[in-house]
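Colleague: The sequence shown maps to residues 1 to 790 in full-length UniProt numbering.
We put the beta carbon where it would ideally sit given N, CA and C, even for glycine.
Structure incoming, see below.
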Amino acid sequence: MEAGDRLSGLEESLIHHVMSFLSPAEVTRLSTLSKRLSSASLSFPTLDFQYRLRGTGEDRYFLDSVSNSLERRRNLETNFEQLNFDVYLIFQRSRLHTQDYLIIRRLNPVMKLLENVINFALDKKIEELNLHCNGDHQQIFRSQNTLAHKSLKRLPDDVFSAKTIKRMKLCGLLFGFQDLILSCPLIEDLHIISCYGLKSIRVLSSCSKSIKAISIQRCSGLVAIHVDEKVSLESFSYISNSNKIVNISIASRKSLKFLKLVGAWISDEWFQANVAEFVSLETLILSECQNLKTMFICNENLKCLELEHCNRLENIQVMVSGLESFSCSFPDYRSATRSTDVNIASCKCLKFLKLERTMITDEWFRNNAAEFKLLETLILCECQGLKSMLIRNESLKCLELDSCTTLENVDVIVSGLESFSYSGKAAEISQINLASCKSLKFLKLERTMITDEWFRNNLAEFKLLETLILRECQKLENMFINNENLKCLELNYGSELENVDVMVSGLESLQIYDRSSTHDQLHCKINVKGCKLLNLQFSGELKPSPPLQLISSDVKNAEICLELGYSSNECRGFQNSLRDFLNLFAHCDIVSLSSKSSSDTCYLIYPEQERKALIPPLYDVKHLKIQVTVLIFKSMRIMELVDSLLWFSPHPESISVILYDSSCSTKEFIIKFYYGVPTNSEVEEDNVITCCSSSPVRCWRHDLTEVAIENFEDCDRTSLQIYFMENAKTRIRIHLDAGFLVMVTVWNGASIMTDLACLGGGLLLGWTVVFNVFVGGWPHSYGVLIHMMA
């Protein structure tokens, strides 16, 4: 057993238990630590292969690696339980229609490998098989007349007669046959998603008696689904991707408990002939079933009914006394004046009710919702026609009213209500009476016309309040908040708010969204006193004067998003304002700083001459995170940015630069710092410190021992290496870890020693092993590309 390795001495079953909590990549890394762990990884009962095929040379290495990995395990006497194969194919868009032979060349090796994977699963008696092949190639599958479609290899039917498979999920595959007859005697769950080539699916009781759940989603060309009467099916889900009619026949009517149909072209006749016969049905979900006009439901065991975007529904009659949850929503393009008759008066056991874009009147509300004595959650969203609400439901715990623009009066007389949320429009005036809600823990008011007087008279009565959210309440000018149980406070305001005083000792999270502009003459002052904040978020325009007065040194985590409303020639003045503002968070452990600006970056870069006379604003921060756009990052000099950030936070444990683009995808670059006992340089022996004389703390240069540089590009990594070696006052070790699997550091020219035989036990395809050899304190990096297979 290797020194310091506590896992290699454990029994194999315990090692497998540890591996079950790790991702596939982490299992691979763990297998490289010793021969024992490498052997245990080979017999690990779950095989997981994931990769994005981009049409590069690495694709071939991955495909070969999977084949070799399966061969190494084929002769093992191991009961493998689960096999996951997940690839994503990326094509250049210009090639999808013009160069079929390239598509065939890319896809056929994958389909051939799939045959190998399936054969392995059948030979090793796998119980769970998941095959995913997603990506741009799927539109080729849909176009049946192309050369690529006709020449592609297809999925064989052997997998549907496997004797040991219990759970199977297939996604993005092209079938080599049109009629699927499920013949797996032990199968319990079947999921077929975005597959092509099938016209019919049949589940026969003579072949698949154990099937419990079937899910068919977005399978183009499918015209028929049939489930035998004696099949004990409990869950059926169908999601269509077209308006074509699919004949759905579920004869196992006594056992079905869950039914979900999305985009199914079912008629009123089909609904009455089938759904009424599912005597055990507990959950029914119908979405975008556009041919459905009338529903009559009387299934006595039904507990949950969800109707979503069935636009042509005109009449809904629910005669189920035991129904506990009902939700009904219509699309936003549906005419606001078009009404649907919804009758749920018989549902006396209802606990959850949600109506969205449904025309209801005051009379309907009195005859229905107000009579549900067991109701716990009521959500009304964009329900027009309702003008006045009086709610006395004693069991009600949560009430949400969103954009019900005709609503004028809301009276809630429920002492046990715990959560109330109201969102209106700025121009509307609604009278909201919550005086009786003494148990309120969550309160959200958005675009309401409440006044300072309303706020004073009501808020003080909510003794149990834990979360308060106020957004765009334009009549509020001054607030005093001292609810002793308050944990989270969110304020979203414009120029109307003048002053906020917060005196809550237990406040943990404060979120501030300042919508006022730099041109507003009055700026809100938020005074926070005596609060042990764990998290603070601020978003708004950076103003000449700090928008926040924070009298607390206990903030642990601060997230700041600034909208820089200035031109480049005003940069210096706003930099001074930024420095003063950030100084409020100097004692935080974590500070995250981002900007909504897409072009101006000068707020991050302070001139070196000015720094010498200024106190670093975040001098005690341990972890500094900066979020910028890809466009900004490409225009910046990475060394200039890092040097400036190390002035912001002179002794950090980590600095992160997070890039984001228009698609909201992100990439993170990280520098980690490790420190030892400070040493004196020749300059410091005379008590003259030139690098951080104005800082309350010594900077990183004096006691840095190691630096880890992660995810940077090669040229930036090299620049950072040189920067740290030139500026550190101690001898340091630099770890380059940008997707590298193994790091070996050797000092003073010692020979490189590593057990490559151990590395051979892991899936190391495409990984780079980096050896940093330090000779006389200077690093020399050597990379070795590994093509060894598990």
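Residue ranges of each alpha helix (DSSP H) run of no fewer than 4 residues wholly in the segment 15 to 88, ordered along the chain?
Modeller: Fully enclosed alpha helix (DSSP H) runs of 4 or longer: 24 to 31, 35 to 42 and 57 to 74.
Colleague: Short of 6 Å in beta carbon distance, which residues of its chain neighbour A750, apart from the five on each side in sequence? Order them along the chain.
Modeller: Note on A750: pLDDT 32, under 50, position unreliable in the model; the coordinate value appears next. Nothing listed; no residue qualifies.
Colleague: Start and end of the beta strand (DSSP E) containing N368?
Modeller: Note, N368: premise wrong, no beta strand (DSSP E); not H, not E.
Colleague: Going by other Cβ atoms of all chains shown within 10 Å of its Cβ, with 16 needed for buried, is K729 buried or exposed?
Modeller: Burial call: buried.
Colleague: Report yes if the CB atom of N711 is closer than 8 Å to the CB atom of E668, and no otherwise.
Modeller: Yes, they are a contact pair.
Colleague: Rounding to the nearest angstrom, what Cα-Cα distance links L536 and L323 in this structure?
Modeller: Taking the straight line joining both Cα atoms gives about 43 Å.
Colleague: Closer than 8 Å by C-beta to C404: which residues in its own chain qualify, once you throw out the five before and the five after it? Chain order, please.
Modeller: Closer than 8 Å at the Cβ level, and outside the excluded window around C404, lie L380, C381, E382, C383, Q384, L386 and G424.
Colleague: Per DSSP, which residues does S235 bridge with? Please list them.
Modeller: Bridge partners of S235: A213 and F258.
Colleague: For S656, does the count of other Cβ atoms within 10 angstroms reach 16, so buried, or fall short, so exposed?
Modeller: S656 should be labelled buried.
Colleague: Here's the rule I'm using: 16 or more other beta-carbon atoms within 10 Å means buried, otherwise exposed. How should M639 be labelled?
Modeller: Counting Cβ neighbours within 10 Å, M639 comes out exposed, since fewer than 16 surround it.
Colleague: Tell me which same chain residues have a C-beta within less than 7 Å of the C-beta of F724, skipping the five on either side of it?
Modeller: Correct list, in chain order: V707, I732 and I734.
Colleague: Helix, strand or coil for Y723, going by three-state DSSP, please let me know.
Modeller: Helix.
Colleague: Identify the residues that DSSP records as bridge partners of T226: which are they?
Modeller: Residue identity check: residue 226 is His in the sequence provided, not Thr. Answer is R202 and S249, bridged to H226.
Colleague: Check whether the Cβ atoms of V262 and I225 lie closer than 8 Å to each other.
Modeller: No, the Cβ-Cβ distance between V262 and I225 is not below 8 Å.
Colleague: Ignoring anything shorter than 4 residues, give me the alpha helix (DSSP H) runs that lie fully in the segment 618 to 653, in order along the chain.
Modeller: Correct list: 630 to 635 and 638 to 648.
Colleague: Would you mind stating whether Q82 and T28 have Cβ atoms separated by less than 8 Å?
Modeller: The answer is no: Cβ separation not under 8 Å.
Colleague: Quickly, what does DSSP pair N433 with across the bridge? List them, please.
Modeller: For N433, which the question treats as bridged, DSSP gives the partners D411.
Colleague: Does the segment 244 to 253 come close enough to the segment 215 to 233 that 3 or more CB-CB pairs lie under 8 Å?
Modeller: Yes: the two stretches touch, three or more of their Cβ pairs being nearer than 8 Å.
Colleague: Based on the DSSP secondary-structure assignment, which residues constitute the bridge partners of E306?
Modeller: Answer is I285 and S327, bridged to E306.
Colleague: Check each candidate in E541, E363, R72 and E288 and name the one with the smallest Cα separation from C310.
Modeller: Residue E288 is the option with its Cα nearest to C310.
Colleague: Return the chain-ordered list of same chain residues with a C-beta closer than 6 Å to the C-beta of R253, the five sequence neighbours on each side being excluded.
Modeller: The answer, listed in chain order, is E277 and F278.
Colleague: Is there contact between the segment 110 to 129 and the segment 164 to 184, where contact requires at least three CB pairs shorter than 8 Å?
Modeller: Touching, yes.
Colleague: Taking the CB atoms as reference points, tell me whether L233 and K212 lie closer together than 8 Å.
Modeller: In this structure, K212 lies closer than 8 Å to L233 by Cβ.
Colleague: Between the segment 18 to 32 and the segment 63 to 71, can you find at least three pairs of beta-carbon atoms closer than 8 Å?
Modeller: Short answer: they don't touch.
Colleague: Using the beta-carbon count (16 or more within 10 Å), is E682 buried or exposed?
Modeller: Annotation note: pLDDT 44 at E682 (below 50); position unreliable, coordinate value reported separately. Looking at its Cβ environment, which holds fewer than 16 other Cβ atoms inside 10 Å, E682 is exposed.
Colleague: Please report the straight-line C-alpha distance between A738 and D714, rounded to a whole angstrom.
Modeller: In this prediction, A738 has a pLDDT of 40, which is less than 50 and means its spatial position is unreliable; what the coordinates show is noted afterwards. Cα-Cα distance, rounded: 9 Å.
Colleague: At which residue ranges does the segment 422 to 500 contain complete alpha helix (DSSP H) runs of 4 or more residues, listed in the order of the chain?
Modeller: The qualifying runs are 452 to 459.
Colleague: Any idea if L763 is buried or exposed, counting beta-carbon neighbours within 10 angstroms, 16 or more meaning buried?
Modeller: Here L763 scores only 35 on pLDDT, less than 50, and its place in the model should not be relied on; the value that follows carries that caveat. Burial call: buried.
Colleague: The alpha helix (DSSP H) spanning R611 covers which residue range?
Modeller: Its alpha helix (DSSP H) spans residues E608 to R611.
Colleague: Mapping DSSP to helix, strand and coil, what is E376?
Modeller: Of the three classes helix, strand and coil, the one that applies to E376 here is coil, per DSSP.
Colleague: Can you give me the start and stop residues for the beta strand (DSSP E) that Q317 sits inside?
Modeller: Looking at the DSSP string, the run of the beta strand (DSSP E) that includes Q317 is N315 to V318.
Colleague: Thinking just about the alpha-carbon of each residue, which of G540, Q721 and C531 is nearest to the one in K672?
Modeller: Residue Q721 is the option with its Cα nearest to K672.
Colleague: With a CB to CB cut of under 6 Å and the five nearest residues on each side skipped, what residues in its chain are close to D48?
Modeller: The answer, listed in chain order, is P24 and N84.
Colleague: Taking the alpha carbon of E314 as the reference point, which residue from K525, C304, Q290 and N433 has its own alpha carbon closest?
Modeller: The candidate whose alpha carbon is nearest that of E314 is Q290.
Colleague: Going straight from the alpha carbon of L281 to that of S388, what length do you get?
Modeller: For L281 and S388, the distance between alpha carbons rounds to 36 Å.
Colleague: Kindly list the residues whose CB is nearer than 7 Å to the CB of I266, restricted to its own chain and excluding five residues on each side of it in sequence; keep chain order.
Modeller: Excluding sequence neighbours, I266 sits near C289, N291 and L292.
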